[in-house]
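The opening residue of the sequence shown carries number 9 in the numbering used here; numbering runs sequentially from there. A quick write-up on the structure given underneath.
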Amino acid sequence: MIIILVGPPGSGKGTQAQFLTRELGIPQISTGDMLREAKRSGTLEKRYLDIMDSGGLVPDEAVIGLIDRRTSDPDCAKGFLLDGFPRTVPQAEALDALLERTEKRAGAGVRGDSGATGDQADQGAEQRDRSIDAVLQLDVPRSLLEERLIHRRTDKRSGQIYHLVYNPPPPGADLEHRADDRPEAVGKRLDAYEAMTAALLPFYEKKGLLRRVDGVGAPQEVTKRVLSALGRSSPGKA
Ligand code: AP5
9 MIIILVGPPG SGKGTQAQFL TRELGIPQIS TGDMLREAKR SGTLEKRYLD IMDSGGLVPD
69 EAVIGLIDRR TSDPDCAKGF LLDGFPRTVP QAEALDALLE RTEKRAGAGV RGDSGATGDQ
129 ADQGAEQRDR SIDAVLQLDV PRSLLEERLI HRRTDKRSGQ IYHLVYNPPP PGADLEHRAD
189 DRPEAVGKRL DAYEAMTAAL LPFYEKKGLL RRVDGVGAPQ EVTKRVLSAL GRSSPGKA
């Protein structure tokens, strides 16, 4: 199962992804988290760090490389949930090419294994299924996004996302205020979304994959809508 979460900064992609990965049993892949991890470990190139902190988009080739490596990890064999990737049409095209390549590689692996048992063949069939199931677009008006971002805090140890007003952190949490959540960077990120990522929506609409989800309301309400868009009635049900 491959699911893509699309939506402007602050629309709740990370919040919903934390719930969905548990519910669907597939890992979350967030290019934003991967870039921030590289920043923390000192391996992120300075030019990318400056772009991120000021609210711009890092170049396509940098994030495509991250996705290429991460999706070949063993825990992605049965699928994954993409959060924040793709953001541009070239990234979406690169994802299609990557999935096609992986599908072919897995297919060739199964054909080459003349002694495959039924179970192995089934596993191979599962691995070959590299098609995107749904692209979920979280819809939230811009007027609400700034307020969500400026009051966001993330626990450095657990990665848990909080909001100082709507979902306050517990006492003792080791909180981080993202550099790109400063008001001047927030405006730039929202502009970048409208200029670059919005072009992605018609790309997936034409493929019949796009499902719009109202992202306004309590996080649990939004989760119910997301699951319903995936054809699941409530948490824990297939
Ligand atoms: P990334 O980390 O992906 O940031 P983003 O897309 O801007 O999204 P956010 O993480 O800001 O918001 P979110 O939608 O996950 O909302 P959240 O759940 O946290 O990317 C960061 C940067 O990395 C980019 O700007 C770019 O530089 C670079 N980058 C990453 N991917 C890239 C790519 N593919 N190409 C190029 N560059 C890339 O929620 C926000 C707040 O709202 C929280 O406080 C939360 O508690 C609260 N909240 C959530 N849901 C609700 C609700 N229903 N009601 C009330 N409050 C809510």
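We put the beta carbon where it would ideally sit given N, CA and C, even for glycine. Keep in mind it's a predicted model, so treat the numbers as computed, not measured.
{"Asked": "Close Cβ partners of Thr262 (< 6 Å) along its chain, the five nearest in sequence each way excluded", "Found": "Since the first residue shown for the chain is 9 and the last is 246, residue 262 is missing from the structure and cannot be characterised."}
{"Asked": "Beta carbon of Arg160 nearer than 9 Å to that of Leu146", "Found": "no"}
{"Asked": "Burial state of Asp91 (16 or more Cβ within 10 Å)", "Found": "buried"}
{"Asked": "Distance between Ala25 and Val66 (C-alpha atoms, nearest Å)", "Found": "22 Å"}
{"Asked": "Residue span of the alpha helix (DSSP H) that contains Ala193, given as start and end", "Found": "191-204"}
{"Asked": "Meets three-Cβ-pair contact criterion under 8 Å: the stretch 57-75 and the stretch 34-41", "Found": "yes"}
{"Asked": "Start and end residues, alpha helix (DSSP H) containing Thr231", "Found": "227-237"}
{"Asked": "Neighbourhood of Gln128 by C-beta, 6 Å cutoff - its chain only, sequence neighbours within 5 removed", "Found": "Because the pLDDT of Gln128 is 47, which lies under 50, any placement of that residue in the model is unreliable, and the number read from its coordinates should be weighed accordingly. Hits under 6 Å: none found."}
{"Asked": "Expected contact under 8 Å - CB spacing of Ala142 and Arg219 to nearest Å", "Found": "6 Å"}
{"Asked": "C-beta atoms of Ile12 and Ile140 nearer than 9 Å", "Found": "yes"}
{"Asked": "Span of the beta strand (DSSP E), counted from its first residue to its last, around Arg219", "Found": "218-222"}
{"Asked": "For Lys214, the nearest candidate out of Ala100, Arg48, Tyr56, Lys232 (CA to CA)", "Found": "Ala100"}
{"Asked": "Same chain only: Cβ atoms within 8 Å of Ala193, ignoring 5 sequence neighbours per side", "Found": "Asp61, Ser62, Gly63, Ala187"}
{"Asked": "Option in Arg78, Gly18, Leu89, Gly239 with minimal Cα separation from Arg30", "Found": "Leu89"}
{"Asked": "Alpha-carbon to alpha-carbon, Lys86 and Leu28", "Found": "15 Å"}
{"Asked": "Proximity below 9 Å, CB of Gly20 to CB of Gly223", "Found": "yes"}
{"Asked": "Bridge-paired residues (DSSP) for Tyr170", "Found": "Arg161"}
{"Asked": "For Tyr56 and Leu198, the rounded distance between their alpha carbons", "Found": "18 Å"}
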